[in-house]
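Asker:
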Amino acid sequence: MVNMDGNTALHEAARKGNFEVVKLLIQKDPELAMLKNKAGESPLFLAADQMHFRIATCILQVVPGCSFQGRSKMNALRAAVVRSYVQGRDYSRSSHFNITTMLRRDFHLDHVNLTDFIILLIKKRPSTMVEASNTGWTPFHHAAYAVREAIVKELLLADKSIACTKNEEGMAGLHVAAREGQVPVLEKIAETCPDIWDLKDNNGRTALHVAAESGKANAVKFILKQVTEDHINDQDNEGNTAMHLATLQGWMKIQLSIAGLASLEQGRKKKIAARTEPAKDNAENHEDEEVEDKRVKPGAQEVLPFAGLRNVANTDILVSTLKATAAFAVPGGYRNHGPDEGMPVLIKRASFKAFVVGNTTALVCSFLSPGVHRFNTFVVNRKSNVKWTGYALLLSFIASFGMGVAFIAGSCAVLADCAALSMAVLLSSYFLHVLLFSHALFNT
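And the structure:
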């Protein structure tokens, strides 16, 4: 017998957390555990979805072949993983979850541990690990998103290939963890799948691309330790490297991390160690003598191409050029006749003078920034490279600020006769600059 929603008595008991009723029903009629309601939900799924893991474990033990299926192509394993990070939160996306349900969870002495329950689900039905919902997310995607290292570890131990399973956007659990900055999850993935870092999503982006674009500095630092220089300079479908994406988003800290090339620093040390290692077995050979001559002397400094710094410089030079181009526009135009012919129309207004100051500042700094980058190409010291790059970026920032001042002052000069519109432009520009500056300062 079922109700209007297709729920049996077992469905209702599993949803409401009535352990004794569930136990009695499945002992009397185990076939009830195979039935689904109109939404496609099985009793096991409902128990897992409502965090009644003791009830769900009971169903699994009595009816091992029970249905795991749930709504929207979900399954009991996915429900358990999702609930691992919505406990104590208002999970508004689910119509079945509320604070009353949360407080009714099974807190008995024999309460089932969530991780143990997930291990049991994996053992009973391994195929549920790769089953995706309507959005293409597997249980591993959710575990990576939720920073559940223990669950991630168990899933990888059961089948490490799930780390490469992609959703509709082509993102694997690796990309999700990188986007959210979940370093503990990245560590677990690195332990099991050390060669996974070349995996790309539908946009041709690796985990480094995703972390750099999302502003997750700690994730970027961790990934840099795992990859090579070729990986750092890898381009997505639009030709962007991780450095480009970080620059476009204004993540200064990440730009400096990539420019510092932590992974290249490790490679540098390995190259120095390899060159200083004594020749073995055939020291008398002429080839060995050549190797000896090429050894790095103590205190010698290794010079390596700083590809990351070049990416910063190229991007900044392009932006500075655009700023310099915009600096030649004068608001209000020029006088076409009379004794003041050729002079700016608005020259006597204070706002126009402020425009000239801001415009000049932007122009000068836009010229100086590429010059500093050019000078930096002759500097071979790594720390000095980073320092001069920072100076160039500071000049670029000042140029941007000068452009903002010029825009506001120029708008006020042109719209002086329209006070309301002038005030609207002034206030909106002010708050926009404050917002952008605060955002950049916070992330730097």
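In UniProt numbering, the protein residues as written are 1 to 444.
Even for Gly, the Cβ is constructed at its ideal location relative to N, Cα and C.
Model, not experiment: these values are computed from the prediction.
Which residues in the same chain as A399 place their Cβ atom closer than 6 angstroms to its Cβ, once the five residues preceding and following it in sequence are excluded?
Answerer: Along the sequence shown, read from residue 1 onward, the residue named residue 399 stands at position 399. Excluding its 5 nearest sequence neighbours in each direction, A399 has C-beta neighbours in its own chain below 6 angstroms: K323, A362, C365 and S366, listed in chain order.
Asker: If we count the other Cβ atoms within 10 Å of its Cβ and call it buried at 16 or more, is F45 buried or exposed?
Answerer: On the sequence shown, residue 45 is found 45 positions in, with the first residue counted as 1. With 16 or more other Cβ atoms within 10 Å, it is buried.
Asker: Apart from the five residues just before and just after D201, which ones in its own chain have a Cβ nearer than 8 angstroms to its Cβ?
Answerer: Position 201 of the sequence shown holds residue 201. Counting only residues of its own chain and dropping the five nearest sequence neighbours on each side, D201 has a CB closer than 8 angstroms to the CB of K166, E169, G170, M171, A172, H175 and V210.
Asker: Would you report the Cα separation of L394 and Q255, rounded to the nearest angstrom?
Answerer: Your numbering for residue 394 matches position 394 in the sequence shown. Your numbering for residue 255 matches position 255 in the sequence shown. One C-alpha to the other measures close to 13 angstroms.
Asker: For N218, name the three-state secondary structure that DSSP assigns.
Answerer: By one-based count along the sequence shown, residue 218 stands at place 218. If DSSP states are grouped into helix, strand and coil, N218 belongs with the helices.
Asker: Take A47 and list the residues in its own chain whose beta-carbon comes closer than 6 angstroms to its own, dropping the five residues that flank it on each side.
Answerer: Locating residue 47 in the sequence shown gives position 47, counting from the first residue. Same-chain partners within the cutoff: A14, I55 and A56.
Asker: According to DSSP, simplified to helix, strand and coil, what is Q61?
Answerer: Sequence index remark: in the sequence shown, residue 61 carries index 61 (1-based). Three-state DSSP puts Q61 in a helix.
Asker: Between which residues of its own chain and K160 is the CB-CB distance below 8 angstroms, once the five residues before and five after are set aside?
Answerer: Mapped onto the sequence shown, residue 160 falls at position 160. Once the five neighbours on either side are set aside, the close Cβ partners of K160 are T192 and C193.
Asker: Compare the Cα-Cα distances from S133 to each of K216, K221 and G40 and report the closest residue.
Answerer: Looking up residue 133 in the sequence shown gives position 133. Closest option to S133, Cα to Cα, is G40.
Asker: Could you name the residues of the same chain whose beta carbon sits closer than 6 angstroms to that of S94, not counting the 5 residues immediately before and after it, in chain order?
Answerer: Taking the first residue of the sequence shown as position 1, residue 94 is located at position 94. Here the model assigns S94 a pLDDT of 41, short of 50, so the residue's position is not dependable, and the following value carries that caveat. Cβ within range, chain order: n/a, list empty.
Asker: So is K78 buried or exposed if we call it buried at 16+ other beta carbons inside 10 Å?
Answerer: The residue given as residue 78 occupies position 78 in the sequence shown. According to the sequence shown, residue 78 is Arg rather than Lys. Under this definition R78 is a buried residue.
Asker: So the candidates are E229, K225 and H52; which of them puts its Cα closest to the Cα of V22?
Answerer: As a first step, residue 22 is located in the sequence shown; it is residue number 22 there, counting from the start. Residue H52 is the option with its Cα nearest to V22.
Asker: So, for F222: in the same chain, excluding its five sequence neighbours on each side, which residues have a beta-carbon less than 6 angstroms away from its beta-carbon?
Answerer: By 1-based counting over the sequence shown, the position of residue 222 is 222. Result list for F222: V183 and L186, in chain order.
Asker: Skipping 5 residues on each side, what residues in its chain have a beta carbon closer than 8 angstroms to that of G390?
Answerer: Translated into positions along the sequence shown, residue 390 becomes position 390. So the list reads L256, once near-sequence residues are dropped.
Asker: State the beta-bridge partners of N75 as determined by DSSP.
Answerer: Here residue 75 is taken as the residue at index 75 of the sequence shown, counted from 1. Its beta-bridge partners are Q69.
Asker: Could you give the DSSP three-state label for S4: helix, strand or coil?
Answerer: By one-based count along the sequence shown, residue 4 stands at place 4. This sequence places Met at residue 4; Ser is not what is there. The answer is coil: DSSP assigns M4 none of H, G, I, E or B.
Asker: Alpha helix (DSSP H) containing A242: first to last residue?
Answerer: If you number the sequence shown from 1, residue 242 lands on position 242. Where A242 is concerned, the enclosing alpha helix (DSSP H) stretches over A242 to Q249.
Asker: Compare the Cα-Cα distances from G410 to each of K353, A392 and S214 and report the closest residue.
Answerer: Here residue 410 corresponds to residue number 410 of the sequence shown, with the count starting at 1. The candidate whose alpha carbon is nearest that of G410 is K353.
Asker: Beta-carbon separation of I118 and A158 under 7 angstroms?
Answerer: The count along the sequence shown starts at 1 and reaches residue 118 at position 118. The count along the sequence shown starts at 1 and reaches residue 158 at position 158. 7 angstroms or more divides the Cβ of I118 from the Cβ of A158.
Asker: Taking DSSP as the reference, what is the three-state secondary structure of W137?
Answerer: As a working mapping, residue 137 is identified with position 137 in the sequence shown. Of the three classes helix, strand and coil, the one that applies to W137 here is coil, per DSSP.
Asker: I'd like the span of the alpha helix (DSSP H) that includes G260, first residue to last.
Answerer: For the purposes of this step, residue 260 is taken as the residue at position 260 of the sequence shown. G260 -> alpha helix (DSSP H) spans M252 to G260.
Asker: Between the alpha carbons of A413 and T360, how many angstroms are there, rounded?
Answerer: Taking the first residue of the sequence shown as 1, we reach residue 413 at position 413. Taking the first residue of the sequence shown as 1, we reach residue 360 at position 360. Their Cα atoms are separated by approximately 17 angstroms.
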